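Heads up, the thing below is written out as structure tokens.
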Amino acid sequence: MTDFSHIRGKITYDRPLADLTWLRVGGPAQMFYQPLDEDDLQSFLKTLPLDTVVFPMGVGSNVIVRDGGISGAVIRMGRGFNHIEIEGDLVRCGVAALDAHVARRAADAGLDLTFLRTIPGAIGGAVRMNAGCYGSYVADHFVEATVITRAGEKRQIGADELEFAYRQSSLPEGWVLTQAVLKAERGDADALHAKMDAQLKKRDETQPTKDRTAGSTFRNPAGFSSTGQADDTHELKAWKVIDDAGMRGATLGGAQMSTKHPNFLINTGGATAADLEGLGEMVRKKVFQTQAIELHWEVLRVGEPAPKK
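33 is the number of the first residue of the sequence shown in my numbering; add one for each residue after it.
Right, dumping it as structure tokens:
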């Protein structure tokens, strides 16, 4: 039995996860750990057997936890990792800081990170997934990040190591982001806040913000140019190909593709993780059958299916 008596953070076993995700589904974490600070996190990872799977978790905005739960250690980054500090044109923020809060604090200081305002979730997930909106992405502003490796080593990494791509990065499995530094251009604070207010209004008009969702379900697909070459501009929109496939409003159990914006999976109240993932796979299959376009998940799916009865 591994001795964690020296760990200052909280460790809970078989902790249900559904209440920590925006979709409100999923089974328990075999081990659930809430670190107090970076030193505590380093100690935990050095002590945790290397064959134990690690899943860092933020606010649960972009994830489906499968009904059987997660075997291994779920690390929930909380209050010790939600700082936001302004240093000239740099914004240093803990990975648990909400994207919206970072955008607002930056705007207060006359710094333009407005693209983050309508992105659900926290900075850790935004960096890991190279989140973006309105033509701007984390990669455009990224300076460096602090990580704790799976072996418990603290490191600073740059964009070259993360290898940012569309809606993804190459952060190694088991590495835990703790903070990130973003660089922003100067702007008028009042104008930046007005810009974000307009973005919020547009989002509420076009997206099911009052429903249980996990944000955009699929990445926008790459298209093909007139010469037949792959076109990675992503001007082809996931919602459009889903709509064209006749899957707007499609249902499976308690899951539904939103009628307001068909690239949003909704838990209508009684969905299981299997309903949500199953409906997503139905959409992917139908889009490929009708348009020969392969959709790729943007929402993370983690854990194991429920045991068969």
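Ideal Cβ positions, reconstructed from N, Cα and C, are used throughout, including at glycine. Since this is a predicted model, take the numbers as computed values, not measurements.
Sequence-distant partners of Ala61 (beyond 5 residues in either direction) whose C-beta falls short of 7 Å from its own C-beta, in its chain, are Arg47, Leu49, Gly101, Ile102 and Val106. A straight-line Cα-Cα distance of about 12 Å links Asp140 and Ala226. In this structure Leu203 is not in contact with Arg137, their Cβ atoms being roughly 24 Å apart against a cut-off of 8 Å. Asp144 sits in a strand when the DSSP states are folded into three classes.
By the neighbour-count criterion, in which a residue is buried when 16 or more other Cβ atoms sit within 10 angstroms of its Cβ, His115 is exposed. Excluding the 5 residues flanking it on each side, Ser168 has same chain C-beta neighbours closer than 7 Å at Phe147, in chain order.
Collapsing the DSSP output to three states places Ala270 in a helix. For Arg160, the secondary structure class from DSSP, reduced to helix, strand or coil, is helix.
By the Cβ rule, the segment 303-311 counts as touching the segment 279-290, because three or more pairs are nearer than 8 Å. Rounded to the nearest angstrom, the gap between the Cα atoms of Leu311 and Thr283 is 7 Å. If you look at Glu193, you'll find it in the alpha helix (DSSP H) that goes Ala191 to Leu194. In this structure, the CA atom of Glu336 is about 9 Å from the CA atom of Gly58.
Between the segment 215-229 and the segment 182-196, the count of C-beta pairs closer than 8 Å stays below three; the two stretches do not touch. Of Arg187, Val86 and Thr34, the smallest CA-CA separation from Asp71 is found for Arg187.
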